[in-house]
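Residue numbers (the numbering used here), protein chains in the order written: chain A, 8 to 368; chain B, 1346 to 1481. Data block below; observations after.
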C-alpha cells in the first residue's frame, strides 16, 4: 500500500518560483506577439530572381554544393498562399533541405494577384507562364530536362502541364497534397453547391476573390482550430521554440492572398462541379489535359488527416496517370504539416529527396 | 523524503496540466466534428451562398457609387488605377523581353552580363548514394 507524499514548504516555494519564471516569460512573449515585435525571419534561403513577369517571379536558389544532380527541380507553388511555407526558416526549410541533398532548385512564385490579374485563367498559368519559366530554367542550367515538385494547387498545375504536354522534357512529377477528385473535397464541395452558389455573380462583382473570404472559408473547415491554437499558445508561452513555430505558422496563415477571379470561376465550374480533370475531359486552350498520357515517374505525397485537400480527393492522382513508375506516400498529419515543420523534416522530405535523386541523374 | 515530496507535487501539477491538455484536444476534436456536421448541411450551403450573393451585390453597388463620386470630384477611380496597373505590367513585360534580347545578344557576343547564381555552374554529375556505392 502506498501513501501519497505531502509537498513540503521547500517544494511549494520551488514550484512557485518555477511558475513565476514561466509567467514572466509568458508575459514577455505575449507582449512581443501582441506588438508583432521580433518577427521570425521567413523565406531566407539565398536566391535570385532569374525571371519576372507581372507578379510572377522565378527564383533560382543558390546551390549548396559544387556537384548537383543533373536534372533541376522546379517547385511550383499554389495560388492560394505565399510560397515561403516551403522555405520556412533556418533548419526548417524544404528548399534548404533539397539544396543540401544536392539538388539545383528553382521556384515559381505566382506572387500576389493585382486587380488586373482577375482575368488570369488556368490556360495562362499552364500553357503560357509555366512553359516560359521552364525555358528560363533550361537556359540557366543548360539542361533540357527538369522535374516539377508542386504543392497543393501547384501540384494540380504540374499535373495539368504534364497532361497537356506529354512530350515536354519533364523528367519527374512530384506532387504534395494535390486534389484531383473533387467529389472528395468535403465541405468545400458542399458549400459550392451549384443550386445555391452563384460563382458568376461573385467573380463578376468582386474580380479577384478577397483574401478575407479565402481565409474565413479555410477557417470554417475546422472552426475550433484557431481557438485551440490560442489556448495552446498561452499554455506554452514560456517555451521559446513553441512560440517561434506558432508565430511563423500564424504569419503564414494570416498572410492570405487574393485568388484570381477567372481561375476561381474555372476551378468551381470545371473542376468542382463537373470534375473534368478526373473524368479526363478537361481542356486548356483547346488541348485536352490527358493525364493518362503522362508516362514519366510520378510521386504523390498525401496527408492522412488533410482537411483542406482531403485524402479522398488526393488519393486517385496516381490512378489517373499512365505512368508505370508511380508511387504514393501517405503520412500522418495535415495539409501544412505534410510539407512544413518538424514532422515533414523526418517523414516527407527524405522520401521525396531519395525518390527524386534516383531519377535525376 | 523532501525530494520524494517535491517529485510527487511536480507530478501532480504535471498530471493536472496533462489532463487539461487532453481535455483541450478532445473538446477541440469534438467541437470541430460537431461544426463539421452542422456546416456540411445543405441548409448551411444555402445560407452561405445567400450571404455571398448579398455581399457581392452590396460590394458591386458600393463600387459603382464610389466610382460615380470619385468621377464627379475628378479623382482617380479603382478602374483607373487598375488600368494604370495593366499599362505598367505591359511596360514591365516589354522591358523584360528587351532585357532578354540584350542578354542573348551579349551572350552570343561572349560578353558576361552580371554575376548571377546561374553563372555559378556546379557540376551536374551527382549520383544517389546507392548508385555511388554500386559503381565503387
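Cβ atoms here follow ideal geometry from the backbone N, Cα and C, with glycine treated the same way. Please read all numbers here as calculations on a predicted model, not as lab measurements.
Residue environment analysis places residue 179 of chain A among the buried positions, since at least 16 neighbouring C-beta atoms fall within 10 angstroms of its C-beta. Residue 1363 of chain B is bridged by DSSP to nothing; it lacks a bridge partner.
Any Cβ of chain B closer than 8 Å to the Cβ of residue 289 of chain A would place that residue at the interface, and such an atom is absent.
Excluding five sequence positions before and after residue 1384 of chain B, none of the CB atoms of its chain fall closer than 8 Å to its own CB. Assignment of beta-bridge partners to residue 116 of chain A by DSSP yields A:64. In the displayed model, residue 57 of chain A falls within a strand according to three-state DSSP. Taking a Cβ-Cβ threshold of 7 Å, the residues of chain B close to residue 203 of chain A are 1390, 1391 and 1394, in chain order. Buried is the label assigned to residue 169 of chain A, since at least 16 other Cβ atoms lie within 10 Å of its Cβ. Not one beta carbon of chain B lies nearer than 8 Å to the beta carbon of residue 80 of chain A.
By the beta-carbon neighbour count (other beta carbons within 10 angstroms, threshold 16), residue 97 of chain A is exposed.
Residue environment analysis places residue 186 of chain A among the buried positions, since at least 16 neighbouring C-beta atoms fall within 10 angstroms of its C-beta. Residue 113 of chain A counts as buried, since at least 16 other C-beta atoms from the protein chains shown sit within 10 angstroms of its C-beta.
Residues of chain A with a Cβ closer than 8 Å to the Cβ of residue 1470 of chain B are, in chain order, 74 and 77. Interface flag for residue 1412 of chain B against chain A is unset, since no Cβ pair is found closer than 8 Å.
Under the Cβ distance rule, residue 1421 of chain B does not count among the residues neighbouring chain A, no pair being separated by less than 8 Å.
Contacts with chain B at 8 Å (Cβ-Cβ) do not include residue 355 of chain A. Between residue 279 of chain A and residue 188 of chain A a beta carbon distance of about 11 Å is seen, past the 8 Å cut, so the two are scored as non-contacting. Where residue 306 of chain A is concerned, the enclosing beta strand (DSSP E) starts and stops at 305-310.
In this structure, the CA atom of residue 348 of chain A is about 11 Å from the CA atom of residue 251 of chain A. Within the stretch 175-199 of chain A, contact with chain B at the beta-carbon level (separation under 9 Å) is assigned to 193, 194, 197, 198 and 199. Residue-level contact check: residue 137 of chain A does not touch chain B, since none of the beta carbons of chain B fall below 8 Å from its beta carbon. No Cβ of chain B is located within less than 8 Å of the beta carbon of residue 103 of chain A.
If you keep only unbroken alpha helix (DSSP H) runs of at least 4 residues inside the stretch 70-104 of chain A, you get nothing at all. Scanning its chain for C-beta atoms nearer than 7 Å, with the 5 sequence neighbours on each side dropped, one finds around residue 275 of chain A the residues 199 and 206, in chain order.
Following the DSSP letters along the chain, one finds residue 333 of chain A inside the beta strand (DSSP E) bounded by residues 333-338.
Assigned with DSSP and collapsed to three states, residue 132 of chain A falls in helix. Assignment of beta-bridge partners to residue 295 of chain A by DSSP yields A:290. In the three-state reduction of the DSSP assignment, residue 1432 of chain B falls in the helix class. Residue 94 of chain A and residue 67 of chain A have their C-alpha atoms some 13 Å from each other. When beta bridges are read from the DSSP output, residue 266 of chain A appears opposite A:216. Just so you know, the alpha carbons of residue 262 of chain A and residue 1412 of chain B end up roughly 28 Å apart.
By the criterion of a C-beta distance shorter than 6 Å, residue 299 of chain A is surrounded in its chain by 329, once the five residues flanking it on both sides are discounted.
Burial is judged here by how many other beta carbons sit within 10 angstroms of a residue's own beta carbon; residue 27 of chain A has fewer than 16 and is exposed.
At least one beta carbon of chain A lies nearer than 8 Å to the beta carbon of residue 1441 of chain B.
As DSSP reads the structure, residue 227 of chain A sits in no beta bridge. Any Cβ of chain B closer than 8 Å to the Cβ of residue 59 of chain A would place that residue at the interface, and such an atom is present.
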